[in-house]
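K.L.:
Its first residue numbered 55, the sequence shown is counted upward by one per residue in this note's numbering. Input: one structure, supplied below.
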Amino acid sequence: MLVLLYFAGKFGALFIVAKICITMNRKTVFITGAATGIGMVTAQKLDQMGWYVFAGVLPGQNTDALTRQVSERLIVVPVDITDETTVKQAVAIVQQLVGAEGLSALINNAGVANIGSGVLEGVAMDEVRRLFEINVFGTLRVTQAFLPLLHQYGNKARIVNMSSGAVRVPVPGAGIYMMTKSAIEAFTKTLRMELAPFGMTATAIEPGAVRTPMTDNAEQNLQKDWEKMSAAIRQKYEQALQPANKSLVKQIKAANPPAAIAEVIIHALTVANPKPR
């Protein structure tokens, strides 16, 4: 069965979603940040496992790599986690397709991995707000929007949030990023407690360095971040933190592939009793 659903996208653009016949007792998942990296690999692996995958991508983002060699069970859903309107539209699309069954799982993968946002004394407040808006408020916004569908699925519905190993191993110059991921840790722990009476779970994934488009050209990006600092801040900190920066770049170059993290996410979705992290 094929039914076309029309939704008014951001700025009035129209996009079309093909409705597929989702059979009873099939697993369904919505994942943000699915166009590249960890999100893309996770979405593709779940599709291969027979899940119905709603792959959230930024409106207008290229999805050629994502949709290569996937089944009709994977549906691309435009969503900007910082924009309330597109989040609501994404929920409407998923709700139309899952019907009374509800949504089995939510993976909050979208985020910004700006590990070189700057030393705390000199980082711009606009950059602080940007990271929190995406990594923290965006995750909360999506979770609040999809929780009714997860409750509709009921017992065994699961939420997986992307934290970072950086919350356990501090990195100079990445304090704001670590603050956002520490917030995700606290959010996940509290959410897990609040959902426990319903048989639902929440898990935080704490990957170390991962090779993704966000970590490409790490050395050049770190240098650009230093150039954003004032002359006084650079004079005070740049040379002193060079050993830490070199160590960080070395770790990134030896980082895990996205597929390794995707396996951990899938384990959290499929194991009988998922751990908090």
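Backbone N, C-alpha and C define an ideal beta-carbon position, used for all residues, glycine too.
Val173 to Lys278, Cα distance in whole Å?
P.N.:
Walking along the sequence shown from the start, residue 173 turns up at place 119. Walking along the sequence shown from the start, residue 278 turns up at place 224. Whole-angstrom Cα-Cα distance: 13 Å.
K.L.:
Among Glu155, Thr140, Ala326 and Ile135, which residue has its Cα nearest to the Cα of Tyr106?
P.N.:
Here residue 106 is taken as the residue at index 52 of the sequence shown, counted from 1. With distances taken between Cα atoms, Tyr106 lies closest to Glu155.
K.L.:
From the DSSP secondary-structure annotation, give me the bridge partner or partners of Asn209.
P.N.:
Taking the sequence shown and counting its residues from 1, one reaches residue 209 at position 155. For Asn209, which the question treats as bridged, DSSP gives no partner whatsoever.
K.L.:
Hey, would you say Leu203 sits closer than 8 Å to Val148, going by beta carbons?
P.N.:
Within the sequence shown, numbered from 1, the residue matching residue 203 stands at position 149. Within the sequence shown, numbered from 1, the residue matching residue 148 stands at position 94. Yes. Within cutoff.
K.L.:
Using a 10 Å radius around the Cβ and a threshold of 16 neighbouring Cβ atoms, would you call Val57 buried or exposed?
P.N.:
Taking the sequence shown and counting its residues from 1, one reaches residue 57 at position 3. Low confidence applies to Val57: its pLDDT is 34, below 50, so where it sits in the model is not reliable, and the reading given next is rough at best. Val57 should be labelled exposed.
K.L.:
Using DSSP's beta-bridge definition, name the partner residues of Gly93.
P.N.:
Locating residue 93 in the sequence shown gives position 39, counting from the first residue. None; Gly93 has no bridge partner.
K.L.:
For Val190, which residues from the same chain have a beta carbon less than 8 Å from its beta carbon, with the 5 sequence-adjacent residues on both sides left out?
P.N.:
Locating residue 190 in the sequence shown gives position 136, where the first residue counts as 1. Same-chain partners within the cutoff: Thr234, Ala237, Ile238 and Phe241.
K.L.:
Between which two residues does the beta strand (DSSP E) harbouring Pro132 extend?
P.N.:
The residue you call residue 132 lines up with position 78 of the sequence shown. Per DSSP, Pro132 belongs to the beta strand (DSSP E) from Leu128 to Pro132.
K.L.:
Is the number of C-beta pairs between the region 203-222 and the region 173-185 that are closer than 8 Å three or more?
P.N.:
Contact between the region 203-222 and the region 173-185 is absent, because fewer than three Cβ pairs lie under 8 Å.
K.L.:
Figure out for me which residue from Lys81, Asn215 and Asp118 has the closest Cα to the Cα of Gln102.
P.N.:
Here residue 102 refers to the residue found at position 48 of the sequence shown. Out of Lys81, Asn215 and Asp118, Lys81 has the C-alpha closest to the C-alpha of Gln102.
K.L.:
What residue range does the beta strand (DSSP E) around Ile161 cover?
P.N.:
Numbered from its first residue, the sequence shown carries residue 161 at position 107. Segment Ala159 to Asn162, the beta strand (DSSP E) holding Ile161.
K.L.:
State the Cα-Cα distance for the pair Ile129 and Thr121, rounded to the nearest angstrom.
P.N.:
Here residue 129 corresponds to residue number 75 of the sequence shown, with the count starting at 1. Here residue 121 corresponds to residue number 67 of the sequence shown, with the count starting at 1. The straight-line gap from Cα to Cα measures roughly 9 Å.
K.L.:
Tell me where the beta strand (DSSP E) around Thr82 begins and ends.
P.N.:
Your numbering for residue 82 matches position 28 in the sequence shown. Start and end: Thr82 to Ile85.
K.L.:
Between Val214 and Thr257, is the Cβ-Cβ spacing less than 8 Å?
P.N.:
Here residue 214 refers to the residue found at position 160 when the sequence shown is read from its first residue. Here residue 257 refers to the residue found at position 203 when the sequence shown is read from its first residue. For Val214 and Thr257, yes; Cβs fall inside 8 Å.
K.L.:
Assuming contact is defined by CB atoms lying nearer than 8 Å, are Thr193 and Asn162 in contact in what I supplied?
P.N.:
Here residue 193 refers to the residue found at position 139 of the sequence shown. Here residue 162 refers to the residue found at position 108 of the sequence shown. Yes, these two residues count as a Cβ contact at 8 Å.
K.L.:
State the DSSP-derived secondary structure class of Ala67, mapped to helix, strand or coil.
P.N.:
The count along the sequence shown starts at 1 and reaches residue 67 at position 13. Low local confidence applies: a pLDDT of 41 at Ala67 is under 50, so the model's placement there is unreliable, with the coordinate-based value given in what follows. Of the three classes helix, strand and coil, the one that applies to Ala67 here is coil, per DSSP.
K.L.:
I'd like to confirm the pairing. Which residues does DSSP put opposite Val107 in its beta bridges?
P.N.:
Position 53 of the sequence shown, counted from the first residue, corresponds to residue 107. In the DSSP output, where bridge partners are listed per residue, Val107 has Val83 and Leu128.
K.L.:
Apply the 10 Å Cβ neighbour rule to Phe252 and answer buried if 16 or more other Cβ atoms are within range, or exposed otherwise.
P.N.:
Numbered from 1 along the sequence shown, position 198 holds the residue referred to as residue 252. It is exposed - the Cβ of Phe252 has fewer than 16 other Cβ atoms within 10 Å.
K.L.:
Taking all protein chains shown into account, decide if Gly93 is buried (16 or more other Cβ within 10 angstroms of its Cβ) or exposed.
P.N.:
Taking the first residue of the sequence shown as 1, we reach residue 93 at position 39. Burial call: buried.
K.L.:
I need the straight-line Cα distance from Lys304 to Asn209, nearest angstrom please.
P.N.:
Taking the first residue of the sequence shown as 1, we reach residue 304 at position 250. Taking the first residue of the sequence shown as 1, we reach residue 209 at position 155. Using only the alpha carbons, I get a separation of about 44 Å.
K.L.:
Measure the C-alpha to C-alpha separation of Arg184 and Val111 and round it to an integer number of angstroms.
P.N.:
The residue you call residue 184 lines up with position 130 of the sequence shown. The residue you call residue 111 lines up with position 57 of the sequence shown. When rounded, the distance between both Cα atoms is 18 Å.
K.L.:
Excluding five sequence neighbours on each side, which residues of the same chain lie with their C-beta closer than 6 Å to the C-beta of Leu323?
P.N.:
For the purposes of this step, residue 323 is taken as the residue at position 269 of the sequence shown. Answer for Leu323: Ala159 and Arg212, listed in chain order.
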